[in-house]
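Numbered according to full-length UniProt numbering, the sequence shown spans residues 1 to 460. Every residue, glycine too, gets a C-beta built ideally from N, C-alpha and C. From a predicted model like this one, the values you see are computed outputs, not experimental measurements.
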Amino acid sequence: MYWLYRRARPHPRPAAGVWLWQRALGRGGARRRVDLRLLLLLLATILTALALARPYLLRVSPGPLVLVIDASASMAATDRAPNRFAAAQALARPLLEAAPQAVLVRAGLEPRVFGPAPGPALLEPLAALQPGDAAADLEAAIRQGQALLPGAPVVVLSDTPPPPGVDGYWNVAATGENRGITALGRGFLAIGNASGRLWDGRVQVGGQTLEVRVPAGGFRVLEYPATPATTLRLPDPDALELDNLAFYRERPPRVRLEAAPPSLVRLLQLLGAQRVRQNPDLEVRFGRPPEDPEGFSVYFATEAGEARRVFDLEPTHPALRSVELVGYALPIPPPPPTSWRPIVYDASGEGLVWAHPRGLYLPPIEALQDLPAFPVLIYNLLAPFRKAMAPLGWNGVLEPQVVEGVAVNLSAPSETFLPRPVPDRPLHAARTPVPLAPFLVLLAALLLWGEARLAGRRSA
């Protein structure tokens, strides 16, 4: 560097008397002038040393994104203006606008996926989404989004806590009060009170208005005259309208008979069942059951051993509700496969009636048809199929109504008791290192070029 500084300096040439002039000029303590060439050389040296250290800057750069938005009914609550779902949409827009590639997933009863596509192209589908499903399967929505865009960070917008493993989460819950119809059946309904105070209100059942008092954070069950079709309404406004209206509808259970014993045919007619050949709700068969029935089926044994008196039964099983069999003698049917379990026993623990998640195995019908409990047993088996009910979100229905004879309601306590706020987990933006060494070397070269120009001018 010193050589560069000295290379253009002329050699001294002594001349007579010049030293006197130099001495006279130096007596005044002349100021030292800053040498611009030396300054440029020092700056070039510093920049070159910095370049050798390979410095870099972290630049925020948007990347691909999987965005999951909760579309459950609680997201329609108006305790955030205009509602929780609109707040989630507002948070989602800038994320999609910045994403070069994204997948948008609506989390409801079944996930609905949009993309992969450039983020801005998903703004229109985002604006068209509406909440209202009776539940949101966030985990299934995340799995579908990750399958379409592997490796992309996952962001969840919801009013419920996120599943583990998400990369970003924004909570849109609030603290509004709400009341709603949380369950209903033939002749009864349950009302939940999602507030911190006792609620005195009204419920309209058909053309009748009933007074109701529901404890803070609790439920109240009401009975009303049972009818096959009923409309129920809570007239008082609150944070969520979707659970203030409900419908109850019944339809004849559809039964297919493998054989037609007269006693069973007459009983099914009395209970309002409909005999069909295809798409039954319940199928009646005769013989030993298989390991795993395809649909819900009732099997009557065609042969049996000696009769044993019923000693005990499982009263909590739905088919045995109000069924009095203790003390009656029933023949022992041939044992079913191991996937079936006994629910009616004799004194030695031998099974007389067996159950499966999709069926019931009974002794021969001749041993049961004359018992007082037989009509109750058949009624219990038909009861689950009488309701023509479906949850909100079924077939895309997002408001309580009756669709082709099926009552579509919310009836979900987890939605009526609106989720409360939890902390956010913002997504950490992806940062790309930008090396600075090339820029530093280029700047140092420019400074050396400038110093060379100055040296050339002085030598001239």
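Whole-angstrom distance between residue j and residue i, CA atom to CA atom
i, j, result
"residue 443", "residue 44", "8 Å"
"residue 170", "residue 156", "7 Å"
"residue 108", "residue 388", "21 Å"
"residue 281", "residue 168", "44 Å"
"residue 65", "residue 84", "22 Å"
"residue 448", "residue 54", "20 Å"
"residue 103", "residue 125", "11 Å"
"residue 419", "residue 279", "39 Å"
"residue 74", "residue 197", "20 Å"
"residue 183", "residue 190", "5 Å"
"residue 174", "residue 222", "29 Å"
"residue 393", "residue 401", "11 Å"
"residue 357", "residue 101", "45 Å"
"residue 461", "residue 322", "Only positions 1 to 460 of the chain appear in the structure, and residue 461 is not among them; the question remains open."
"residue 316", "residue 63", "54 Å"
"residue 153", "residue 146", "9 Å"
"residue 427", "residue 214", "41 Å"
"residue 455", "residue 42", "15 Å"
"residue 438", "residue 113", "44 Å"
"residue 235", "residue 220", "17 Å"
"residue 128", "residue 241", "20 Å"
"residue 60", "residue 293", "Low local confidence applies: a pLDDT of 49 at residue 60 is under 50, so the model's placement there is unreliable, with the coordinate-based value given in what follows. Looking at the two C-alpha atoms, the distance is approximately 57 Å."
"residue 140", "residue 110", "8 Å"
Continuous beta strand (DSSP E) stretch holding residue i: start and end
i, result
"residue 380", "Here residue 380 belongs to no beta strand (DSSP E); instead the alpha helix (DSSP H) covers 373-382."
"residue 118", "Residue 118 -> no beta strand (DSSP E), and no H or E assigned at all."
"residue 105", "102-107"
"residue 367", "No beta strand (DSSP E) holds residue 367; the alpha helix (DSSP H) holding it covers 365-368."
"residue 214", "208-214"
"residue 223", "219-223"
Buried or exposed by the 16-neighbour rule on C-beta atoms within 10 Å, applied to residue i
i, result
"residue 211", "exposed"
"residue 374", "buried"
"residue 46", "exposed"
"residue 268", "buried"
"residue 395", "exposed"
"residue 226", "exposed"
"residue 70", "buried"
"residue 105", "buried"
"residue 144", "buried"
"residue 453", "exposed"
"residue 151", "exposed"
"residue 162", "buried"
"residue 81", "exposed"
Beta-carbon proximity list for residue i, same chain, < 7 Å, skipping 5 on both sides
i, result
"residue 405", "249, 251, 388"
"residue 218", "193"
"residue 329", "307, 308, 309"
"residue 450", "40"
"residue 440", "47, 50, 51"
"residue 467", "There is no way to answer for residue 467, as the model of the chain reaches only from 1 to 460."
"residue 377", "319, 323"
Same chain, Cβ closer than 6 Å to residue i, neighbours up to 5 away in sequence not counted
i, result
"residue 342", "351, 354"
"residue 297", "283, 285, 359"
"residue 48", "444"
"residue 254", "274, 276, 280, 281"
"residue 243", "180, 181, 410, 416"
Span of the alpha helix (DSSP H), counted from its first residue to its last, around residue i
i, result
"residue 142", "138-148"
"residue 85", "84-98"
"residue 44", "36-52"
"residue 342", "Here residue 342 belongs to no alpha helix (DSSP H); instead the beta strand (DSSP E) covers 341-345."
Residue-chain proximity (residue i, chain C), Cβ-Cβ < 7 Å
i, result
"residue 283", "As a matter of chain content, chain C is missing from the structure shown, which is built from one protein chain."
Proximity test, residue i beta-carbon vs the ligand MG heavy atom, cut-off 6 Å
i, result
"residue 164", "With respect to the ligand MG, the structure offers nothing, as it holds no ligand at all."
Residues near residue i in its chain [Cβ-Cβ closer than 8 Å; skip 5 each side]
i, result
"residue 363", "300, 301, 304, 330, 331, 332, 333, 352, 353"
"residue 195", "177, 178, 179, 216, 217"
"residue 381", "282, 298, 319, 360"
**Message:** For the segment 230-238 against the segment 204-212, do three or more pairs of beta-carbon atoms, one drawn from each stretch, fall closer than 8 Å, so that the two count as touching?
**Reply:** Contact holds: three or more Cβ-Cβ distances are below 8 Å.
**Contact the segment 87-95 vs the segment 132-149: 3+ CB pairs below 8 Å** = No, the segment 87-95 does not touch the segment 132-149.
**Item:** Cβ contact (3+ pairs, closer than 8 Å) linking the segment 349-357 and the segment 379-394
**Value:** Judged by Cβ distances under 8 Å, the segment 349-357 makes no contact with the segment 379-394, as fewer than three pairs qualify.
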